[in-house]
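This report concerns only the one structure given below.
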Amino acid sequence: LSETYEREGLCGKIMLEKKLLGMKMTQEETIQEYSQRFENVVSELRAVGENEMKKTEKIVQFLMSVHERYSTVVAILENMKEEDLTFEFVKARLQSEDEKATKDSSVRNSTAFQVSSSVVCFKCGKIGHFQRKCFLNSRGVWDSLCGVAL
Numbered sequence: 001l002s003e004t005y006e007r008e009g010l011c012g013k014i015m016l017e018k019k020l021l022g023m024k025m026t027q028e029e030t031i032q033e034y035s036q037r038f039e040n041v042v043s044e045l046r047a048v049g050e051n052e053m054k055k056t057e058k059i060v061q062f063l064m065s066v067h068e069r070y071s072t073v074v075a076i077l078e079n080m081k082e083e084d085l086t087f088e089f090v091k092a093r094l095q096s097e098d099e100k101a102t103k104d105s106s107v108r109n110s111t112a113f114q115v116s117s118s119v120v121c122f123k124c125g126k127i128g129h130f131q132r133k134c135f136l137n138s139r140g141v142w143d144s145l146c147g148v149a150l
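Numbered by UniProt numbering, the letters in the sequence shown go through residues 1 to 150 in order.
Set out below in structure tokens:
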């Protein structure tokens with residue numbers, strides 16, 4: 001374990017500090033994944049002899065590095081009393097926002113599909129499109145471009 005995490009001297013500490021300060025959450029990452037990656041670097045710093053990060057420093061660094069889609073939650077957390085904030089509370093709040101956004105997007109996608117599949121054309125009577133998008137021409141014959149995207 002010490003071979004994995006322990007880097008000798010000041011150079012190792014500086015490298016890990018730079019890594020921590022340069023961390024940014026990617027768009028594909030969940031809060032759970034990013035917080036795990038963040039805490040791994042903090043643990044590596046402790047392993048090389050760095051003093052425990054202050055609670056506020058850890059929270060500030062974490063909030064500064066999360067994806068901008070959490071900016072509303074971050075603003076709310078920044079305005080809370082310092083004594084009410086813990087790293088676990090911050091993580092939990094961001095995670096609940098993550099879950100809510102995932103749920104909302106899946107509901108939105110399924111609703112959009114249901115609407116388009118239940119629409120009935122007033123021209124041909126078929127399901128799935130509006131009259132203005134109908135491929136039935138004025139003579140009652142299906143247009144030769146039926147189904148071809150223009």
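The beta carbon of each residue, even a glycine, is placed where N, CA and C say it ideally should be.
DSSP-derived helix/strand/coil call for residue i
{"i": "Gln131", "result": "helix"}
{"i": "Leu10", "result": "helix"}
{"i": "Leu16", "result": "helix"}
Environment of residue i [buried if 16+ CB atoms lie within 10 Å]
{"i": "Ile14", "result": "exposed"}
{"i": "Val148", "result": "Legend: pLDDT at Val148 = 48, less than 50; position of this residue unreliable, no value from coordinates given."}
{"i": "Met80", "result": "exposed"}
{"i": "Ile59", "result": "buried"}
{"i": "Glu44", "result": "buried"}
{"i": "Leu21", "result": "exposed"}
{"i": "Lys91", "result": "buried"}
Straight-line Cα distance separating residue j from residue i
{"i": "Lys126", "j": "Arg132", "result": "13 Å"}
{"i": "Thr72", "j": "Val42", "result": "25 Å"}
{"i": "Thr102", "j": "Leu10", "result": "42 Å"}
{"i": "Glu99", "j": "Leu85", "result": "21 Å"}
{"i": "Asp104", "j": "Val120", "result": "27 Å"}
{"i": "Glu82", "j": "Glu33", "result": "25 Å"}
{"i": "Leu94", "j": "Leu136", "result": "51 Å"}
{"i": "Leu77", "j": "Ser118", "result": "43 Å"}
{"i": "Met23", "j": "Thr56", "result": "17 Å"}
{"i": "Glu97", "j": "Arg37", "result": "19 Å"}
Heavy atom of the ligand NAD within 7 Å of residue i beta-carbon
{"i": "Asn40", "result": "In the structure on display, the ligand NAD does not appear, and there are no ligands present to speak of."}
Specify whether the stretch 64-71 and the stretch 17-30 touch according to this definition: at least 3 beta carbon pairs, one from each stretch, less than 8 Å apart. Result yes; three or more Cβ-Cβ pairs closer than 8 Å.
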